[in-house]
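Residue numbers for the sequence shown, in our numbering: -2 to 400.
Please read the structure below before turning to the comments.
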Amino acid sequence: MKITDVKTYSISIPIPKPYFHPAWIPGFTEKHFTFTLIEILSDEGIKGYSSVLSFSILRTKKFIDKKVKPLIPEQVEDIADIERFVQNMRSMNIPKKSAGTTPYKKRLLFPHITKGLYMLRHFEPRLWCVEVALWDLLGKAKNKPVCELLGRTQERVKAYISTGEKISIEKHVEDARRYKEQGIKAIKLRAHHRNIKNDLKAIEKVRETVGADMEIMVDANQAPNPLPPFWSRKKALNFARELERLKCLWLEEPLPMHDLYGIRELQEKAEILIAGGELEQGEERFGQLLDCYDIIQPDVHFSGGIGQVKRIGEMAAQKGKMLIPHCWGSGLSLAANLQLIGSLSNCPYLEYPCDPPFTTDIRDAILTESIKIGNDGYVTIPQKPGLGVEVNEAVIKRYGKDS
-2 MKITDVKTYS
8 ISIPIPKPYF
18 HPAWIPGFTE
28 KHFTFTLIEI
38 LSDEGIKGYS
48 SVLSFSILRT
58 KKFIDKKVKP
68 LIPEQVEDIA
78 DIERFVQNMR
88 SMNIPKKSAG
98 TTPYKKRLLF
108 PHITKGLYML
118 RHFEPRLWCV
128 EVALWDLLGK
138 AKNKPVCELL
148 GRTQERVKAY
158 ISTGEKISIE
168 KHVEDARRYK
178 EQGIKAIKLR
188 AHHRNIKNDL
198 KAIEKVRETV
208 GADMEIMVDA
218 NQAPNPLPPF
228 WSRKKALNFA
238 RELERLKCLW
248 LEEPLPMHDL
258 YGIRELQEKA
268 EILIAGGELE
278 QGEERFGQLL
288 DCYDIIQPDV
298 HFSGGIGQVK
308 RIGEMAAQKG
318 KMLIPHCWGS
328 GLSLAANLQL
338 IGSLSNCPYL
348 EYPCDPPFTT
358 DIRDAILTES
368 IKIGNDGYVT
378 IPQKPGLGVE
388 VNEAVIKRYG
398 KDS
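Have a look at this one:
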């Protein structure tokens, strides 16, 4: 099967009022759900797709056109062809400005500058989406879902609702009650108040509402955070101990991503599971993070592609750690991470983004059929070839722009 072209589109789907206000970007109003869509065409008429959230769609397109396209194999017949592409990608020099290029002593001296540099990772071109599209293409050519090509380990996974806004206690309680009535088994809340007592009040009320049979996770979003509220190591530990009292399952990104010493110290002192790593990249880096986190959270689109994150999952399993992917993105992104999950033995949960007005209809608009949670709280791994889902080309025509 020969590859004939690679196209990129900017997809921008309107979000109804009152719009979406992501807790991780205080003060920002998101009026459109925007992402980059990759389409790989072949001489057999088969198309491979993937999508990725990006603050730099034009830069992503530029790098794909100039740097990535020449590395894509002319033919894709098996996994080895994708692996060769990955090796070429790893050797490619992608200019970027992040704290990873700053000497460690300077990072300690200028912590807020370091946070800002790490935040710039949001603006780096996210090129691993091309690898994901190649897997979709290969799976369709082989008439198998990607998880079978990787080695299937599970057919379904428990979903947790991943909320995204900082809202009132009353709204938290109302949402949690509704999700529990729908059969949802777990929910993740955001901790973003300047006074963490307000976050704890919300979590306490949610726990009172759902009882002991619904799991609660909490995300502090401190990893790349250059904006207040800032958490110190002491604040993170105190908060972790309060979450232990409330029987929460894990605390996510409680400290800046460069502070590995602090994260490891927190993990050793706290009883609650500590999770993170969604913006990190590569096997070597995750090898370090496995000594700091109980749960690592790479995203196949950010962290190195499906094949590399699969190997990271195997590394985690050897150390008795969980890999639970970051999945905030379109339904196509969710499908890609679901295929990965279907091949892992140490992934008991799926992040399921949903926080109206950012609904599943908006999230999955790019698909012909939405990815649903069953009445038992589980999501079935899609069984169709490739990523297991079909792209709604009418949505590309309506909301897409050849970027």
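Backbone N, C-alpha and C fix where the C-beta goes; we use that ideal spot for every residue, glycine too.
Please read all numbers here as calculations on a predicted model, not as lab measurements.
Asked                                                                                                         : Found
Nearest residue (CA-CA) to E162, options T356, I303, D373                                                     : T356
Integer-rounded CB distance, given that M211 should sit under 8 Å from L246                                   : Going by Cβ atoms, the distance from L246 to M211 rounds to 10 Å, so no, they are not a contact pair.
CA-to-CA distance, K28 to W21, given in whole angstroms                                                       : 16 Å
Which residues DSSP lists as bridging T33, in chain order                                                     : S7, V49
Distance, N195 Cα to N334 Cα                                                                                  : 33 Å
Exposure of F30, with buried meaning 16 or more beta-carbon neighbours within 10 Å                            : buried
Spatially closest choice to I61 from P11, L287, G42, W125, by CA coordinates                                  : W125
Uninterrupted alpha helix (DSSP H) stretches inside the region 241 to 323 (no shorter than 4 residues)        : 257 to 266, 280 to 286, 302 to 315
Rounded straight-line distance, which links the Cα of M254 to that of G97                                     : Because G97 sits at a pLDDT of 41, beneath the cut-off of 50, its placement in the model cannot be relied upon, and the point is left open.
Bridge partners - Y349, DSSP secondary structure assignment                                                   : I158
As assigned by DSSP and simplified to three states, the class of E152                                         : coil
Three-state secondary structure (DSSP) of R230                                                                : helix
For P92, the three-state DSSP class (helix, strand or coil)                                                   : Here P92 scores only 48 on pLDDT, less than 50, and its place in the model is too uncertain to base an answer on.
First and last residue of the uninterrupted beta strand (DSSP E) at R187                                      : 183 to 187
Buried versus exposed call for S300 [16 or more other C-beta atoms within 10 Å across all chains shown]       : buried
Segment contact flag, the region 143 to 163 with the region 323 to 338, C-beta cutoff 8 Å, min 3 pairs        : yes
Exposure label - T57; buried when at least 16 CB within 10 Å                                                  : buried
Rounded separation between I184 and H190 - CA only                                                            : 19 Å
Cβ contact (3+ pairs, closer than 8 Å) linking the region 281 to 298 and the region 64 to 78                  : no
Neighbourhood of M(-2) by C-beta, 8 Å cutoff - its chain only, sequence neighbours within 5 removed           : S39, D40, E41, I43, Q72, V73, E74, L134, A138
When E390, I363, P354, N389 are compared against P19, the one with the closest alpha-carbon                   : P354
With 16 other Cβ atoms within 10 Å as the buried cut-off, status of F82                                       : buried
Reduced DSSP secondary structure (H/G/I, E/B, other) of P142                                                  : strand
Short Cβ contact (8 Å threshold) for I393 with I8                                                             : yes
Which of helix, strand or coil DSSP assigns to S342                                                           : coil
Contact set for P11: own chain, Cβ-Cβ below 6 Å, skip 5 residues either direction                             : H29
Which of helix, strand or coil DSSP assigns to K398                                                           : strand
Own chain partners of Y101 with C-beta closer than 6 Å, once the 5 adjacent residues on each side are dropped : Legend: pLDDT at Y101 = 36, less than 50; position of this residue unreliable, value from coordinates given subsequently. Closer than 6 Å at the Cβ level, and outside the excluded window around Y101, lies no residue.
Validate contact between the region 225 to 241 and the region 251 to 268 using beta carbons, cut 8 Å, 3 pairs : yes
Run of the beta strand (DSSP E) containing V215, from where it starts to where it stops                       : 212 to 216
Through-space distance from V170 to L197, alpha-carbon basis                                                  : 13 Å
Contact under 8 Å by Cβ, L243 with E201                                                                       : yes
Helix, strand or coil at V388 according to DSSP, with G and I counted as helix                                : strand
E241 versus E250: straight-line alpha-carbon distance, rounded                                                : 16 Å
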